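Student: Numbering (full-length UniProt numbering), first residue to last: 1 to 92.
Note that the Cβ used here is the ideal one computed from N, Cα and C, for glycine as well.
Quick caveat, the model's predicted, so the values are computed rather than measured.
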Amino acid sequence: MDVEHTRDATLLHAIHKILLKEWDPLQIRHIPAMRDEYEDYLPNIFKMITQNLSETEIFEYLWWIEQNVMEKKGKKENTLRVASLLNDLKKP
1 MDVEHTRDAT
11 LLHAIHKILL
21 KEWDPLQIRH
31 IPAMRDEYED
41 YLPNIFKMIT
51 QNLSETEIFE
61 YLWWIEQNVM
71 EKKGKKENTL
81 RVASLLNDLK
91 KP
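#1: Is the distance from the Cβ of residue 85 to the Cβ of residue 18 below 7 Å?
#2: To the nearest angstrom, how far is the alpha carbon of residue 66 from that of residue 52?
#3: Hey, quick one: how far does the alpha helix (DSSP H) through residue 65 stretch, first residue to last?
#4: Just to confirm, are residue 58 and residue 78 a CB contact at a threshold of 7 Å?
#5: Assign residue 32 to one of two classes, buried (16 or more other C-beta atoms within 10 Å of its C-beta) or exposed (fewer than that).
#6: Assign residue 41 to one of three DSSP states: helix, strand, or coil.
#7: Alpha carbon to alpha carbon, how far is residue 80 from residue 35?
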């Protein structure tokens, strides 16, 4: 396995962990059968991080998902915090 593939896999795992343990607008983190619920969002968030999009853009994407896809009221403060955690993954 090459270094780039390993880095990508590590980043994807870190994103998934943050979405499940920190974001979790559906409150499914404790349901083992639902652990893949947020996987559809991994590719876009991965691209946002690797293409160096801003924390604000990451927040807007997550907030859009909560409001429009999941039809949840959302907790803006938490989503802002999660966007910051995801943005921090860009740092070496």
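Tutor: Considering the structure as presented:
#1: Taking a C-beta distance under 7 Å as the contact criterion, residue 85 and residue 18 qualify as a contact pair.
#2: Between the alpha carbons of residue 66 and residue 52 lies a gap of roughly 22 Å.
#3: First-last for residue 65: undefined, no H or E at that position.
#4: Judged by their CB atoms, residue 58 and residue 78 are not nearer to each other than the 7 Å cut-off.
#5: Exposed, by the Cβ-count rule.
#6: Three-state result, residue 41: helix.
#7: So the alpha carbons of these two residues sit roughly 22 Å apart.
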